[in-house]
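Visitor: So the protein sequences, as listed, match chains D and S. Quick note: my numbering has the first sequence finishing at residue 315, numbered continuously throughout. Quick note: my numbering has the second sequence finishing at residue 315, numbered continuously throughout. We put the beta carbon where it would ideally sit given N, CA and C, even for glycine. I'd like to ask you about the structure that follows.
Number of protein chains: 2
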Amino acid sequence: MALISPISSPNGKTFNQKLFSRIRVVIESDVPHIYKLMQQLFVYHDITHLLKSNESSIASGLFNPKYPHLSPVTTLLIEVSANPFPSCPNDKTSSKEVDLNMPLIDEESEQFRVVKYDHVDDDDVFIAGYVMFYPCFSSFFENPVFHMENFFIRECYRKKGFGKWLFSTMASEAARMGFSSIDWYASDWNESALGFYKHMGATISDDFRVLSLAGKALEAFEDDSN
Amino acid sequence: MALISPISSPNGKTFNQKLFSRIRVVIESDVPHIYKLMQQLFVYHDITHLLKSNESSIASGLFNPKYPHLSPVTTLLIEVSANPFPSCPNDKTSSKEVDLNMPLIDEESEQFRVVKYDHVDDDDVFIAGYVMFYPCFSSFFENPVFHMENFFIRECYRKKGFGKWLFSTMASEAARMGFSSIDWYASDWNESALGFYKHMGATISDDFRVLSLAGKALEAFEDDSN
Chain D
90 MALISPISSP NGKTFNQKLF SRIRVVIESD VPHIYKLMQQ LFVYHDITHL
140 LKSNESSIAS GLFNPKYPHL SPVTTLLIEV SANPFPSCPN DKTSSKEVDL
190 NMPLIDEESE QFRVVKYDHV DDDDVFIAGY VMFYPCFSSF FENPVFHMEN
240 FFIRECYRKK GFGKWLFSTM ASEAARMGFS SIDWYASDWN ESALGFYKHM
290 GATISDDFRV LSLAGKALEA FEDDSN
Chain S
90 MALISPISSP NGKTFNQKLF SRIRVVIESD VPHIYKLMQQ LFVYHDITHL
140 LKSNESSIAS GLFNPKYPHL SPVTTLLIEV SANPFPSCPN DKTSSKEVDL
190 NMPLIDEESE QFRVVKYDHV DDDDVFIAGY VMFYPCFSSF FENPVFHMEN
240 FFIRECYRKK GFGKWLFSTM ASEAARMGFS SIDWYASDWN ESALGFYKHM
290 GATISDDFRV LSLAGKALEA FEDDSN
């Protein structure tokens, strides 16, 4: 039986049989990718009209001292490659190998190609998904909590265990650091996501509604003399 | 017609005709009061079993460098007194006078008596309510947002305009500082609170659910080897 050799699809990168992946912390050159992932997340939720952030505001929030009073936002990325990632003894990244039942085609691979920085043998490293979270004070608990702001796996990489791996990595970090909870919102209609989160151990509050005061309704208070 | 002179009810403080009030930022000696207000808030929501914070964790979250990575939490208090508050030209506190239609009895006044610090003419200053909020990164907006963690007016002080005043004070601050939004949760059953917030300009998201991973479900990830 001849092994199928890797092919480069004109429509993007094709992975045969094996996929190597790792989770690492975002660096500043990843910001354009984060913005594209965020755009896909908002498209997925059909709320693109609500996306008012941009590469510059993401960079400010994640790396820039423009808002020094903000808690640091942690963003973890999943990278994938057809080749193993170099292992470093002191590296806190976590990597794993995924056996594919059928070839996986990433049609948008070029948009998510990682700028080369340490993957010496091969430039073909792509971003498959991300999670973004930050620490908050909570009136419920003795210790701080994490708020999970975004969680997204690109479509072609779903149902391969990446979501579970990424979520678990964040949850392990929270548990080890003594955080009391991770809180987030999910869309009511998204049965698939709610099912996934329940499987991860989450509880869903039925009696909370999410409220916000934004745009002109908030601006109306600017000249409020009380 | 004889004026009714102020009476000191054995069941607490009684205010006749006029109430003087001001909003100020919390100081460390207020922490026991904040905890009592928080307990009342959790009783009001019938979720006292979820309250795991305490005076020490509140002090840590609000004042202590135990969690230097946390965004500063701002807490504003409403104080009330039968006498006017001294005015200071540089004071950023906001004060106002409320005409009462009928005497107001604060049966729990002793629990909420403010430790004397600048109200020279009279020791009878009591805390009527509070709001607690902190800045967050948001993937939705170009600028940071506020998360409102707690908002509470003690029962005997409701329907006097204090809630509107306290909420407006926070919203003015957010608008003036260029924050993009204030986000918070409210209980689905609390028609009175939802009506109040809508009146203040808030929008209620119907399709978001609030999820959390806490307690044993989170601890289970502590030894997770991914």
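1) Beta-carbon within less than 7 Å of HIS134 of chain D's beta-carbon, same chain only, minus the 5 sequence neighbours each way: which residues are those?
2) Taking CB distances under 7 Å as the criterion, tell me whether HIS158 of chain D reaches chain S.
3) Exposed or buried, which one is HIS236 of chain D when buried takes at least 16 other CB atoms within 10 Å?
4) Starting from the beta carbon of ARG265 of chain S, find every residue of chain D whose beta carbon is closer than 8 Å, and list them in chain order.
5) Using 10 angstroms around the beta-carbon of VAL220 of chain D, count the other beta-carbons present and answer buried if the total reaches 16, otherwise exposed.
6) Can you find a C-beta in chain D that's less than 7 Å from the C-beta of LEU166 of chain S?
7) Label THR137 of chain D either buried or exposed according to how many other C-beta atoms from any shown protein chain fall within 10 Å of its C-beta, with 16 as the threshold for buried.
8) Can you tell me which of the three DSSP states SER160 of chain D falls into?
9) Could you tell me whether any Cβ in chain D is nearer than 7 Å to the Cβ of GLU186 of chain S?
10) With 16 other CB atoms within 10 Å as the buried threshold, where does GLU186 of chain D fall?
11) Measuring only between beta-carbons, confirm whether VAL132 of chain S sits less than 7 Å from chain D.
12) Going by the DSSP bridge assignment, what does TYR286 of chain D pair with across the sheet?
13) Based on Cα-Cα distance, which residue from D:PHE215, D:VAL299, D:ILE167 lies nearest to PHE256 of chain D?
14) Would you mind working out which of D:TYR156, D:SER149, D:PRO224, D:SER183 sits nearest ALA264 of chain D, comparing C-alpha positions?
15) How do the segment 169 to 177 of chain D and the segment 105 to 122 of chain D stand: do at least 3 beta-carbon pairs fall below 8 Å, yes or no?
16) What separation, rounded to the nearest whole angstrom, lies between the Cα atoms of PHE215 of chain S and ASN100 of chain S?
17) Applying the 10 Å Cβ sphere with the 16-neighbour rule, what's the burial state of ASP272 of chain S?
18) Looking at LEU165 of chain D: is its Cβ nearer than 7 Å to the Cβ of ILE112 of chain D?
19) Compute the Euclidean distance between the alpha carbons of ILE194 of chain S and CYS245 of chain S, then round it to the nearest angstrom.
20) Based on Cα-Cα distance, which residue from S:PRO157, S:LYS248, S:SER160, S:GLU262 lies nearest to ASN190 of chain S?
21) Considering only C-alpha positions, which residue in the set S:PRO233, S:SER198, S:GLU199 is nearest to SER149 of chain D?
22) What are the residues of the segment 103 to 125 of chain D that lie near chain S, defined by any Cβ-Cβ distance shorter than 7 Å?
23) Identify the contact partners of LEU193 of chain D in chain S, using a Cβ-Cβ distance below 8 Å as the criterion.
24) Do THR317 of chain S and PHE229 of chain S have their C-beta atoms within less than 7 Å of each other?
25) With DSSP as the reference, label ARG265 of chain S as helix, strand or coil.
26) Buried or exposed: SER145 of chain S, going by 16 or more other Cβ atoms within 10 Å of its Cβ?
27) Taking just the CA atoms, how far does PHE251 of chain S sit from HIS122 of chain D?
28) Using a Cβ-Cβ cut-off of 7 Å, state whether ARG324 of chain S counts as contacting chain D.
29) Do LEU130 of chain D and PHE241 of chain D have their beta-carbon atoms positioned less than 7 Å apart in this structure?
30) Considering only residues of the segment 217 to 279 of chain S, which uninterrupted beta strand (DSSP E) runs meet the minimum length of 3 residues and lie entirely inside it, listed in chain order?
31) Determine, using beta carbons only, whether ASN100 of chain D comes closer than 7 Å to chain S.
32) Beta-carbon of VAL220 of chain D versus every beta-carbon of chain S: anything under 7 Å?
33) Mapping DSSP to helix, strand and coil, what is PHE174 of chain D?
34) Under the DSSP definition of a beta bridge, which residues are partnered with VAL169 of chain S?
35) Against chain S, does PHE152 of chain D count as a neighbour if the rule is that its beta carbon must be under 7 Å from one of theirs?
36) So, for PRO282 of chain S: in the same chain, excluding its five sequence neighbours on each side, which residues have a beta-carbon less than 6 Å away from its beta-carbon?
Guide: With the given structure in hand:
1) On the first sequence, position 45 is the one that residue 134 of chain D refers to. Once the five neighbours on either side are set aside, the close Cβ partners of HIS134 of chain D are SER276.
2) To locate residue 158 of chain D, count along the first sequence from 1; it is residue 69. Yes, HIS158 of chain D lies at the interface with chain S (some Cβ there is under 7 Å from its Cβ).
3) For the purposes of this step, residue 236 of chain D is taken as the residue at position 147 of the first sequence. Result: buried.
4) Taking the first residue of the second sequence as 1, we reach residue 265 of chain S at position 176. Chain D residues near ARG265 of chain S: GLU311.
5) Within the first sequence, residue 220 of chain D is the residue found at index 131, counting from 1. Buried, since its Cβ has 16 or more Cβ neighbours within 10 Å.
6) As a first step, residue 166 of chain S is located in the second sequence; it is residue number 77 there, counting from the start. No - not a single Cβ of chain D is within 7 Å of the one on LEU166 of chain S.
7) For this step, residue 137 of chain D is matched to residue 48 along the first sequence. So THR137 of chain D ends up on the exposed side.
8) Here residue 160 of chain D refers to the residue found at position 71 of the first sequence. Of the three classes helix, strand and coil, the one that applies to SER160 of chain D here is coil, per DSSP.
9) Residue numbering aside, residue 186 of chain S sits at position 97 when the second sequence is read from its first letter. No, because no Cβ of chain D sits closer than 7 Å to the Cβ of GLU186 of chain S.
10) For the purposes of this step, residue 186 of chain D is identified with residue 97 of the first sequence, where counting begins at 1. Burial call: exposed.
11) Numbered from 1 along the second sequence, position 43 holds the residue referred to as residue 132 of chain S. No, VAL132 of chain S does not count as interfacial toward chain D.
12) Taking the first residue of the first sequence as 1, we reach residue 286 of chain D at position 197. The partner list for TYR286 of chain D (beta bridge, DSSP) is empty, contrary to what the question assumes.
13) The count along the first sequence starts at 1 and reaches residue 256 of chain D at position 167. Nearest C-alpha to PHE256 of chain D: D:ILE167.
14) Your numbering for residue 264 of chain D matches position 175 in the first sequence. Taking only the C-alpha atoms, the option nearest ALA264 of chain D is D:PRO224.
15) yes
16) Along the second sequence, one-based indexing puts residue 215 of chain S at 126. Along the second sequence, one-based indexing puts residue 100 of chain S at 11. Distance between the alpha carbons of PHE215 of chain S and ASN100 of chain S: 15 Å.
17) Counting from 1 along the second sequence, the entry for residue 272 of chain S is found at position 183. Result: buried.
18) For this step, residue 165 of chain D is matched to residue 76 along the first sequence. For this step, residue 112 of chain D is matched to residue 23 along the first sequence. For LEU165 of chain D and ILE112 of chain D, yes; Cβs fall inside 7 Å.
19) Locating residue 194 of chain S in the second sequence gives position 105, counting from the first residue. Locating residue 245 of chain S in the second sequence gives position 156, counting from the first residue. Cα-Cα distance, rounded: 7 Å.
20) The residue given as residue 190 of chain S occupies position 101 in the second sequence. Nearest option by C-alpha distance: S:LYS248.
21) One-based indexing of the first sequence puts residue 149 of chain D at position 60. The shortest Cα separation from SER149 of chain D among S:PRO233, S:SER198, S:GLU199 belongs to S:PRO233.
22) none
23) If you number the first sequence from 1, residue 193 of chain D lands on position 104. Going along chain S, no residue has its Cβ under 8 Å from LEU193 of chain D, so there is no contact; the nearest lies around 21 Å.
24) With chain S running from 90 to 315 in the structure shown, residue 317 of chain S is simply not present.
25) Translated into positions along the second sequence, residue 265 of chain S becomes position 176. Three-state result, ARG265 of chain S: helix.
26) Within the second sequence, the letter at position 56 stands for residue 145 of chain S. SER145 of chain S is exposed by the Cβ-count criterion.
27) Reading the first sequence from its first residue, position 33 is the one you call residue 122 of chain D. Reading the second sequence from its first residue, position 162 is the one you call residue 251 of chain S. In a straight line, the C-alpha of HIS122 of chain D is about 46 Å away from that of PHE251 of chain S.
28) The question about residue 324 of chain S has no answer, for chain S in this structure spans 90 to 315.
29) For the purposes of this step, residue 241 of chain D is taken as the residue at position 152 of the first sequence. For the purposes of this step, residue 130 of chain D is taken as the residue at position 41 of the first sequence. In contact: PHE241 of chain D and LEU130 of chain D (Cβ atoms closer than 7 Å).
30) 234 to 242, 270 to 276
31) Within the first sequence, numbered from 1, the residue matching residue 100 of chain D stands at position 11. So no, ASN100 of chain D is outside the interface.
32) As a working mapping, residue 220 of chain D is identified with position 131 in the first sequence. Output row for VAL220 of chain D: interface = no.
33) Counting from one through the first sequence, the residue named residue 174 of chain D turns up at place 85. Three-state DSSP puts PHE174 of chain D in coil, outside helix and strand.
34) As a working note, residue 169 of chain S is residue 80 in the second sequence. Bridge partners of VAL169 of chain S: S:SER110, S:PHE215.
35) In the first sequence, residue 152 of chain D corresponds to position 63, counting from 1. For PHE152 of chain D, the answer is no, since every Cβ of chain S falls outside 7 Å of its Cβ.
36) In the second sequence, counting from the first residue as 1, residue 282 of chain S sits at position 193. The question names Pro, yet the displayed sequence has Ala at residue 282 of chain S. Around ALA282 of chain S: ALA275.
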